[in-house]
Amino acid sequence: MHKGMHTDTDHCLRAVRSKDARFDGWFFTAVLTTHIYCRPSCPVAPPKPENMVFLPSAAACQQAGFRACKRCRPDTTPGSPEWNQRADLTARAMRLIADGVVDREGVPGLAARLGYSTRQIERQLLAELGAGPLALARAQRAETARLLIETTELPMAELAFAAGFSSIRTFNDTVREVFALAPSELRARRPKDRQARAEPQAASGALSLRLPFRAPLNPDNVFGHLAATAVPGVEEWREGAYRRTLRLPYGHGIAALTPRPDHIACRLNLSDLRDLPVAIARCRRLLDLDADPVAVDDQLRTDPLLAPLVDKAPGRRVPRTVDEAEFAVRAVLGQQVSTAAARTHAARLVTAHGDPVTDPEGGLTHLFPSTERLAAVDPDALAMPRTRRTTFTTLVARLADGTLRLGVESDWPATREQLLALPGFGPWTADVIAMRALGDPDAFLPTDLGIRRAAAGLGLPSTPAALTARATAWRPWRAYAVQYLWATDDHPINFLPV
Numbered sequence: 022m023h024k025g026m027h028t029d030t031d032h033c034l035r036a037v038r039s040k041d042a043r044f045d046g047w048f049f050t051a052v053l054t055t056h057i058y059c060r061p062s063c064p065v066a067p068p069k070p071e072n073m074v075f076l077p078s079a080a081a082c083q084q085a086g087f088r089a090c091k092r093c094r095p096d097t098t099p100g101s102p103e104w105n106q107r108a109d110l111t112a113r114a115m116r117l118i119a120d121g122v123v124d125r126e127g128v129p130g131l132a133a134r135l136g137y138s139t140r141q142i143e144r145q146l147l148a149e150l151g152a153g154p155l156a157l158a159r160a161q162r163a164e165t166a167r168l169l170i171e172t173t174e175l176p177m178a179e180l181a182f183a184a185g186f187s188s189i190r191t192f193n194d195t196v197r198e199v200f201a202l203a204p205s206e207l208r209a210r211r212p213k214d215r216q217a218r219a220e221p222q223a224a225s226g227a228l229s230l231r232l233p234f235r236a237p238l239n240p241d242n243v244f245g246h247l248a249a250t251a252v253p254g255v256e257e258w259r260e261g262a263y264r265r266t267l268r269l270p271y272g273h274g275i276a277a278l279t280p281r282p283d284h285i286a287c288r289l290n291l292s293d294l295r296d297l298p299v300a301i302a303r304c305r306r307l308l309d310l311d312a313d314p315v316a317v318d319d320q321l322r323t324d325p326l327l328a329p330l331v332d333k334a335p336g337r338r339v340p341r342t343v344d345e346a347e348f349a350v351r352a353v354l355g356q357q358v359s360t361a362a363a364r365t366h367a368a369r370l371v372t373a374h375g376d377p378v379t380d381p382e383g384g385l386t387h388l389f390p391s392t393e394r395l396a397a398v399d400p401d402a403l404a405m406p407r408t409r410r411t412t413f414t415t416l417v418a419r420l421a422d423g424t425l426r427l428g429v430e431s432d433w434p435a436t437r438e439q440l441l442a443l444p445g446f447g448p449w450t451a452d453v454i455a456m457r458a459l460g461d462p463d464a465f466l467p468t469d470l471g472i473r474r475a476a477a478g479l480g481l482p483s484t485p486a487a488l489t490a491r492a493t494a495w496r497p498w499r500a501y502a503v504q505y506l507w508a509t510d511d512h513p514i515n516f517l518p519v
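Below, the structure is given as structure tokens:
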């Protein structure tokens with residue numbers, strides 16, 4: 022499991038022969054005799070080794086003339102864990118492509134956000150993934166199209182538009198090429214459980230999807246954290262689901278996410294269906310579903326004091342965010358106050374400055390306020406100490422004017438330095454934003470009171486410097502170690518609400 026894994030033929034062959042689902046999304050198996058590509062865990066008997074080639078992406082398979090297997094449906098695998106654990110150009114580009122930037126802004130927009138030329142971006146992606154940004158975005162559109170074909174009764178013309186295609190003809194051609202079936206044939210063949218769900222969804226305007234993940238997944242800390250810190254009006258826990266409003270490129274939405282044994286049930290209400298791929302990507306990111314829990318837990322188990330925590334409840338994820346700027350604002354509101362007080366502060370801002378939304382299925386009322394709206398707030402109206410008010414107003418001003426950017430394309434070390442340069446930003450605030458908003462899997466919180474208490478209870482060093490030295494052995498997964506250490510406490514963030 023490493024960069025360029027598809028080049029390690031022996032490793033890939035072992036994964037295919039053992040039908041090891043841990044490697045789904047890391048690489049794809051293309052079969053020369055049938056011109057079909059599969060995930061490593063495909064249930065069909067593997068072909069002879071000489072008839073297999075291994076490719077790094079679905080887009081590379083499609084470009085080479087292979088079509089998706091109808092049995093294992095390789096386009097529905099979790100994403101490669103690499104894009105969430107790496108901070109280099111390729112990983113940052115892949116996070117942006119998943120967030121729909123190529124469809125909205127083209128390759129020049131992708132390059133501009135990353136600060137490179139289009140030629141540099143194309144060359145880098147081609148070298149590592151066997152496909153350029155347009156082909157990678159096209160593969161994502163094909164995956165969205167299949168999802169909509171199978172889970173809704175939308176007319177094909179609406180569906181093509183929602184999946185991001187510029188014309189019906191391009192949509193038809195792409196679906197035929199990738200799946201070897203016309204869109205209508207694909208709908209006719211869909212699994213029975215999806216057919217049963219499609220009619221009521223069309224009537225209510227909601228889409229029901231399954232979000233896959235790599236096992237194991239322990240949902241307690243990620244859902245417990247989101248529920249315990251939920252901002253009234255924007256988030257809620259209702260009937261076993263975490264629900265929240267989403268600010269999206271073309272409109273807004275409401276997501277309901279429910280943990281199941283082998284998937285996350287996701288229900289989406291969207292004001293504009295073109296936002297579907299972005300909404301899915303952000304929900305996956307929020308729940309850290311593309312993580313590689315086996316690699317994380319194996320590394321943390323090498324510390325004998327952490328090993329019992331991992332063995333007790335493996336597969337913890339890092340609770341992340343659907344909106345990086347929102348999370349940074351909330352981190353400042355939460356400085357040196359209780360969880361309840363932070364929620365109250367945020368709820369006041371939401372009521373006064375958030376955009377109202379209608380929630381036919383629950384109690385959500387607003388989108389979290391945009392940074393532009395917050396930057397226009399009269400500082401004297403903010404019920405917080407003067408120093409924190411300065412921290413808040415400086416942060417929202419920098420976010421609103423673009424001098425500070427916290428998107429999925431962020432360069433983690435450089436952004437952390439930018440945050441530390443802001444008034445009122447110490448290591449804890451910068452690192453919690455790095456961990457939960459930027460997605461740095463190695464962000465660490467040695468000054469956090471809960472971490473220091475957990476460390477002392479386990480016999481780990483409890484001073485920040487000594488704990489940081491000990492935590493070197495946990496790299497590059499210190500953000501996951503934080504989740505295991507937090508879980509030693511009986512705080513509500515560690516438990517699924519009843």
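Under our numbering, the residue at position 4 of the sequence shown is numbered 25, and the numbers go up by one with no gaps. All C-beta atoms, glycine included, are put in the ideal place defined by N, C-alpha and C.
Proximity winner among the options, relative to residue i (alpha-carbon distances)
i	options	result
residue 283	55, 509 and 98	98
residue 525	236, 495, 201 and 166	Lying outside 22 to 519, the shown extent of the chain, residue 525 is not represented and no answer is given.
residue 406	392, 357 and 207	357
residue 334	345, 77 and 322	322
residue 163	44, 138, 194 and 344	194
residue 39	68, 503, 380 and 504	68
residue 263	72, 271 and 285	285
residue 149	106, 210 and 76	76
residue 85	319, 58, 369 and 124	58
residue 455	484, 423, 503 and 417	503
Residue i vs residue j beta-carbon contact at 9 Å
i	j	result
residue 303	residue 277	no
residue 415	residue 444	yes
residue 275	residue 268	no
residue 291	residue 273	yes
residue 114	residue 430	yes
residue 399	residue 387	no
residue 246	residue 314	no
residue 346	residue 427	yes
residue 50	residue 33	yes
residue 118	residue 131	yes
residue 299	residue 480	no
residue 126	residue 134	yes
residue 371	residue 196	no
residue 363	residue 392	no
residue 359	residue 287	no
residue 349	residue 234	no
residue 330	residue 175	no
residue 232	residue 308	yes
residue 342	residue 457	yes
Beta-carbon contacts of residue i that lie in its chain and below 6 Å, excluding the five residues immediately before and after
i	result
residue 89	95, 96, 199 and 200
residue 518	248 and 258
residue 441	451
residue 192	181 and 186
residue 80	152, 156, 157 and 160
residue 42	62
residue 36	44 and 61
residue 412	353, 444 and 445
residue 513	249
residue 217	Since pLDDT at residue 217 reaches only 42, below the 50 mark, its modelled position is unreliable, and the value read off the structure follows with that caveat. Closer than 6 Å at the Cβ level, and outside the excluded window around residue 217, lies no residue.
Sequence-distant residues of its chain with Cβ nearer than 7 Å to residue i (five each side left out)
i	result
residue 469	449
residue 367	252, 351 and 354
residue 92	63, 64 and 65
residue 280	240 and 244
residue 112	103 and 104
residue 70	34
residue 317	498 and 501
Burial state of residue i, where buried means 16 or more other Cβ atoms lie within 10 Å
i	result
residue 305	buried
residue 239	buried
residue 476	buried
residue 27	buried
residue 224	No answer about residue 224 holds up, because its pLDDT of 40 lies below 50 and its placement is not dependable.
residue 402	exposed
residue 190	exposed
residue 206	exposed
residue 492	buried
residue 419	buried
residue 310	buried
Neighbourhood of residue i by C-beta, 8 Å cutoff - its chain only, sequence neighbours within 5 removed
i	result
residue 463	496, 497, 498, 499 and 500
residue 378	266, 273, 275, 385, 386, 387 and 388
residue 108	432, 433, 434 and 461
residue 478	509
residue 129	139
Whole runs of the alpha helix (DSSP H) within the region 71-125, excluding any shorter than 4 residues: 79-84, 103-106 and 110-119
Inside the region 339-394 only - beta strand (DSSP E) runs reaching at least 3 residues: none
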